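**Student:**
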Amino acid sequence: MTINVNVRPLGFQQFKLATVDNSITVVESEDSLARSESAYLNKFYSSNIDRAMIQFDNSNQGHDKVSREIQAHCLQQNLAGLDAQLNFVEAYNNVDFMAEEITLKKQFSEQLKNALGPNNLGLISSATAKDQTLAEQVIGIIGDIKSSYYDVFEGALSKYIEFYKKFSDIISEMGKWVEKKGDNGNLVFKFGELEKVLKNLLKDYTPQSGITNQLYPIDHTKNVSKAEAEKWAKDMGLPASSVLHSPREGDFYYVAIDTAPVQKMIDGLLDKQEIDKDGKVVNTGNNKEITNTQYQAWLAGFNAQEEQIKTTVQSLTGRYSNANSVYDNMIKVLSSTVSTLADMAKRFFSF
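Per the numbering used here, the sequence shown runs over residues 1103 to 1453.
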């Protein structure tokens, strides 16, 4: 059973923007507060899935997300201003300056490749056109990697966690649907009630609109080619069955939440509601007497599907964490490049 709570970080950070160069000063929270929070979470949330969900909530509500967004915004603002100054003094017509810029471009390209890793090189191919200035390239890369990579994993994990929370609510109700029957150790489980809520969950997360279940593209009104959808499903650690054909006109696809474990839970129920041709309920699915052995065998299969859902959330959390690291590494490389470019401009044009 999972207990879902909103946890607010005990520590905090403050960001101060200097008036001269818009650099960022980060005031770190005290170590004692961070240690207290960590000890609290480890004490009350021992399962990997609980820790993964809390980590995601903290990352998206706390100072890390704010810091990341401020850094990216300041980089883009500083670069736009620097690029305007370089254009004003006709720096891009200066042979010596352009020779150094070409060298810096090559260094930047190699550093960025190392920061992103071999699996993410496609993220920079469209943003490093040879006819762009270095400033234009960096501005484009900041936006592209955030929207085409980081935001995708963030949005996918957010939807998956919401799905898991609703599933967990169902699990927490199961205790009230089982009761002992007589003195022979048999029991009655209300499979009909479980069937009802599982089908409702399945219905909520298989809409044709994709509004609740579509993980990629982020915009549920858009779809992509089958190859692109399969690529993203693989990157997210999802099975091929999570790639669904779009109901919209054309040969388009999208990546959806994997609801197969829920369907298997429904298929494996030992009793189900039955309705005749007139719409009358002839069996509620709530009265079948079973032995404890039968119950335990069914529960083992049910729990196996629950573990599959948990494993998917944990895997996606790890991939989101990796996206965080990649994005942070990229920001460091970009910041260093911008600083070098600014120093170079000062040497040439006395900015």
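We put the beta carbon where it would ideally sit given N, CA and C, even for glycine. Predicted model, so just to flag it, every value in this text is computed and none were measured.
Roughly how many whole angstroms lie between the Cα atoms of G1381 and G1294?
**Tutor:** 16 Å
**Student:** Are A1358 and N1315 touching if we call contact CB-CB under 8 Å?
**Tutor:** yes
**Student:** Which residues mark the beginning and the end of the alpha helix (DSSP H) in which Q1213 is found?
**Tutor:** 1197 to 1218
**Student:** Could you give the residue range of the alpha helix (DSSP H) that holds V1254?
**Tutor:** 1253 to 1275
**Student:** Quick check on the burial criterion: 16 or more other C-beta atoms within 10 angstroms. Buried or exposed for V1197?
**Tutor:** exposed
**Student:** Which class does Y1422 belong to by DSSP, given the choice of helix, strand or coil?
**Tutor:** Reduced to three states, the DSSP call for Y1422 is helix.
**Student:** Report all residues from its chain with a CB closer than 6 Å to the CB of S1344; omit the five preceding and five following residues, and keep chain order.
**Tutor:** A1335, V1357, A1358, D1360
**Student:** Could you please give me the residues that DSSP links to I1377 through a beta bridge?
**Tutor:** Per DSSP, the beta-bridge partners of I1377 are V1383.
**Student:** Is it the case that the Cβ atoms of V1384 and Y1266 are separated by a distance below 8 Å?
**Tutor:** no
**Student:** Figure out for me which residue from Q1365, K1248, V1240, A1399 has the closest Cα to the Cα of Y1422.
**Tutor:** K1248
**Student:** Do the CB positions of N1180 and V1440 come within less than 8 Å of each other?
**Tutor:** yes
**Student:** Can you tell me the Cβ-Cβ gap for G1370 and W1400, rounded? I've got them flagged as a contact below 8 Å.
**Tutor:** 7 Å
**Student:** Let me confirm a value: E1275 is counted as buried when at least 16 other C-beta atoms fall within 10 Å, else exposed. Which label applies?
**Tutor:** exposed
**Student:** Taking only the alpha-carbon atoms, compute the straight-line gap between V1428 and Q1173 and give it to the nearest angstrom.
**Tutor:** 15 Å
**Student:** What did DSSP end up calling I1320 once you bin it into helix, strand or coil?
**Tutor:** I1320 falls in the coil class under three-state DSSP.
**Student:** Suppose contacts are defined by Cβ-Cβ distances below 8 Å. Is I1241 in contact with L1300 by that definition?
**Tutor:** no
**Student:** For K1282, does the three-state DSSP call read helix, strand or coil?
**Tutor:** strand
**Student:** Starting from H1347, follow its DSSP beta bridges and name the residues at the other end.
**Tutor:** Y1355
**Student:** DSSP state of V1191, grouped into three classes?
**Tutor:** coil
**Student:** Which class does N1288 belong to by DSSP, given the choice of helix, strand or coil?
**Tutor:** Reduced to three states, the DSSP call for N1288 is strand.
**Student:** Does DSSP put I1433 in a helix, in a strand, or in coil?
**Tutor:** helix
**Student:** So what's I1392 in DSSP terms, helix, strand or just coil?
**Tutor:** strand
**Student:** Given a cut-off of 8 Å on the beta-carbon distance, is the pair Q1447 and L1188 in contact?
**Tutor:** The residue asked about is misnamed: residue 1447 is Ala in this sequence, not Gln. The answer is yes: Cβ separation under 8 Å.
**Student:** By a C-beta neighbour count over all protein chains shown, 10 Å radius and 16 as the cutoff for buried, is Q1239 buried or exposed?
**Tutor:** buried
**Student:** Under 8 Å, with one C-beta from each stretch per pair, do the stretch 1279 to 1297 and the stretch 1320 to 1330 reach the 3-pair mark?
**Tutor:** no
**Student:** Leaving aside the five residues before and after L1303 along the sequence, list all residues of the same chain whose C-beta is less than 7 Å from its C-beta, in chain order.
**Tutor:** The answer, listed in chain order, is K1268, F1269, I1272, V1364.
**Student:** Tell me the rounded alpha-carbon separation between S1211 and Q1407.
**Tutor:** 45 Å
**Student:** Taking only the alpha-carbon atoms, compute the straight-line gap between V1326 and P1349 and give it to the nearest angstrom.
**Tutor:** Approximately 12 Å between the Cα atoms of the pair.
**Student:** In angstroms with no decimal places, state the Cα-to-Cα distance between A1337 and V1191.
**Tutor:** Rather than Ala, the amino acid found at residue 1337 in this sequence is Asp. Distance between the alpha carbons of D1337 and V1191: 45 Å.
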